[in-house]
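At position 169 of the sequence shown the residue is numbered 168 (numbering that gives the first Met the number 0), and the sequence of numbers has no breaks.
No residue lacks a Cβ here, since even glycine has one placed at the ideal position from N, Cα and C.
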Amino acid sequence: MNPRSQPAAHPRELRRKKAGLLAAALWLLLVPGTVVPAAQETRAYQPALESLARHRAAPDWLRDAKLGIYFHWGVYSVPAYGNEWYPRHMHFLAGDPRVFWHHRVHYGSPKDFAYHDFVPLFTAENFDPEEWAELFARAGARFAGPVAEHHDGFAMWASRVTPWNAAEMGPKRDVVGELAKAIRARGMKFITTFHHARNLQRYTDEPWEKYRLYKLHRRWHDSHYPYIRGLAPASDDPLLQQLYGNMPEARWLEQMWLGKLKEVVDNYRPDIIYFDSWLDLIPLDYREAFVAYYLNSAEQWDKEVVIARKQDDLPLQYSIADYEKGRLNRLADEPWLTDDTISTGSWSYTGNLEIKSLSEVLHVFIDIVSKNGQLLLNISPRADGSIPDDQRAVLLGLGDWLAEHGESIYATRPFVDFGEGPTRMADSGHFVERIEYTPRDVRYTRRGDTVYAIVLGSPAAGSELVLGAFGEQGKAAELKVERLQLLGSDREIAWSREKAGIVITLPQQMPDANANAFRIDTTVAAD
Numbered sequence: 000m001n002p003r004s005q006p007a008a009h010p011r012e013l014r015r016k017k018a019g020l021l022a023a024a025l026w027l028l029l030v031p032g033t034v035v036p037a038a039q040e041t042r043a044y045q046p047a048l049e050s051l052a053r054h055r056a057a058p059d060w061l062r063d064a065k066l067g068i069y070f071h072w073g074v075y076s077v078p079a080y081g082n083e084w085y086p087r088h089m090h091f092l093a094g095d096p097r098v099f100w101h102h103r104v105h106y107g108s109p110k111d112f113a114y115h116d117f118v119p120l121f122t123a124e125n126f127d128p129e130e131w132a133e134l135f136a137r138a139g140a141r142f143a144g145p146v147a148e149h150h151d152g153f154a155m156w157a158s159r160v161t162p163w164n165a166a167e168m169g170p171k172r173d174v175v176g177e178l179a180k181a182i183r184a185r186g187m188k189f190i191t192t193f194h195h196a197r198n199l200q201r202y203t204d205e206p207w208e209k210y211r212l213y214k215l216h217r218r219w220h221d222s223h224y225p226y227i228r229g230l231a232p233a234s235d236d237p238l239l240q241q242l243y244g245n246m247p248e249a250r251w252l253e254q255m256w257l258g259k260l261k262e263v264v265d266n267y268r269p270d271i272i273y274f275d276s277w278l279d280l281i282p283l284d285y286r287e288a289f290v291a292y293y294l295n296s297a298e299q300w301d302k303e304v305v306i307a308r309k310q311d312d313l314p315l316q317y318s319i320a321d322y323e324k325g326r327l328n329r330l331a332d333e334p335w336l337t338d339d340t341i342s343t344g345s346w347s348y349t350g351n352l353e354i355k356s357l358s359e360v361l362h363v364f365i366d367i368v369s370k371n372g373q374l375l376l377n378i379s380p381r382a383d384g385s386i387p388d389d390q391r392a393v394l395l396g397l398g399d400w401l402a403e404h405g406e407s408i409y410a411t412r413p414f415v416d417f418g419e420g421p422t423r424m425a426d427s428g429h430f431v432e433r434i435e436y437t438p439r440d441v442r443y444t445r446r447g448d449t450v451y452a453i454v455l456g457s458p459a460a461g462s463e464l465v466l467g468a469f470g471e472q473g474k475a476a477e478l479k480v481e482r483l484q485l486l487g488s489d490r491e492i493a494w495s496r497e498k499a500g501i502v503i504t505l506p507q508q509m510p511d512a513n514a515n516a517f518r519i520d521t522t523v524a525a526d
């Protein structure tokens, strides 16, 4: 760790530190027990793989839901510049020079205007949880909820673990609690996401000379805030240390990582908890202690819950895989999740945020569902709590499409193949390339004996569409087709079964410009 020898403090500075110590002590006295639990003999789940693996990672309600909405909204929304990593990049040039200079031009040096000085400006005066929840329901989401805490250390709930929380500072409202009530009132499940594994300052003793200027940011690669003497993240003020993660690791793990998770579990009973990257930096015994705590709590609630993680940070025996801004290029045996954002850039609101078209969002969503996946779609509210109109338009368009074609999405399961057509992804995983699909691209889903063929676009009137999966060499060759109809249309559709597959003569007008679904009722052909 970096040495912390400092010049003698000014008497005024000493008084401020004493006040900070007193405040921190008061908060610690109020914290409920955050010690890693010892053996939980009376609990159903023990903090060990063989016990936790009994948990069903992907319950049917998640596989039926398909679509969730969450949002990066917090103190980092105030500067509305760069992205949600503004709290890090404002401190040093090697991270993002645009943010570094923007902060100095508009707010001054971080010595004079630190990240915590944004907190009073995060007032959320237009935040209406009922209106937000209604928008999510109209968008067709079946689960929704907030980023409970990002890397920045600011909790969006009424916390007794940390004074840096939305109920005590900034909005002075229990954002998580108000949203939980509004979202559940509309029949949706509730998700909270956690990104705070990176908040701890993990220092290095390696000399500065080892880092070339363009790689200087790697000196603090596993810590969100850089330890730079004279700046707030390096302060020994106990109050500031709780925000900037500048404290001994043992205390931080107990209070800030595990303690916050347990508090949200106890107070809001989330149906899904999602973890961002860097969870592997948390010692395994802490990760397993949390999972056991959450699953045992869910047993008491008589509720099936979900844990989503990235990379290999938790075993898939009791969690589901998540792909950030990515997805699979194949049909998967096990359910999975994509978290993607409605914009082409930042996850949080910025003044120049470019929003994707409804067509792009919808096509990616359909592709995900066809491959046994679920979509967690991020939106970016402004700091004042308003959701921009261009984002609303996409959400409402998505909801309109699902209102007409939802039977081809909700409660479906994968077909024998995910689809066909000329457009293919090169790779699976995180941060895959953006793809523009065509009306010749088809994705399949099924519900029992009913199969849905969803066309990613609106083919030319009167043209022919061939569903090759039903051809003599197709994976669905043994299925007998009883009936075929076009969702959103009451017209008879001309079709025939040929060697190449089902050949459909398309009507003069398709119901939807973005995507269209054919319902195919089947039975297994007799021998």
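query, result
"Beta-carbon gap between Thr411 and Val454 smaller than 9 angstroms", "no"
"Simplified DSSP state of Arg286, which is helix, strand or coil", "helix"
"C-alpha gap between Pro510 and Ser356, whole angstroms", "19 angstroms"
"Residues near Val305 in its chain [Cβ-Cβ closer than 6 angstroms; skip 5 each side]", "Leu61 and Ile271"
"Coarse secondary structure for Gly176, derived from DSSP in three states", "helix"
"Val502 in three-state terms, based on DSSP", "strand"
"Under the three-state DSSP convention, the category Ala47 falls into", "coil"
"Rounded distance between the beta-carbons of Glu83 and Ser342, thought under 8 angstroms", "The pair is not a contact, with the Cβ atoms about 11 angstroms apart (cut-off 8 angstroms)."
"6 angstroms CB neighbourhood of Phe135 in its chain, flanking five on each side removed", "Ile68 and Ala143"
"Cβ-Cβ separation, Ser158 to Lys259 (assumed contact under 8 angstroms), whole Å", "7 angstroms"
"Cα-Cα separation, Gly473 to Gly500", "8 angstroms"
"Inter-residue Cα distance where the pair is Phe99 and Ile227", "14 angstroms"
"Ser234 burial status per 10 Å Cβ neighbour count (16 or more: buried)", "buried"
"Lys180 versus Pro458: straight-line alpha-carbon distance, rounded", "43 angstroms"
"Per-residue burial, Thr530 [other beta carbons within 10 Å of its own, 16 or more giving buried]", "Outside the modelled stretch of the chain, which goes from 0 to 526, sits residue 530, for which no answer is possible."
"9 angstroms Cβ cutoff met for Ile434 and Val363", "yes"
"Gly350 (DSSP reduced to helix, strand or coil)", "coil"
"Simplified DSSP state of Tyr443, which is helix, strand or coil", "strand"
"Start-end ranges of the alpha helix (DSSP H) lying completely within the region 39 to 104, minimum 4 residues", "48 to 51, 59 to 64 and 85 to 88"
"According to DSSP, residues forming a beta bridge with Asp339", "Leu376"
"For Tyr273, the three-state DSSP class (helix, strand or coil)", "strand"
"Proximity below 9 angstroms, CB of Ala196 to CB of Leu280", "yes"
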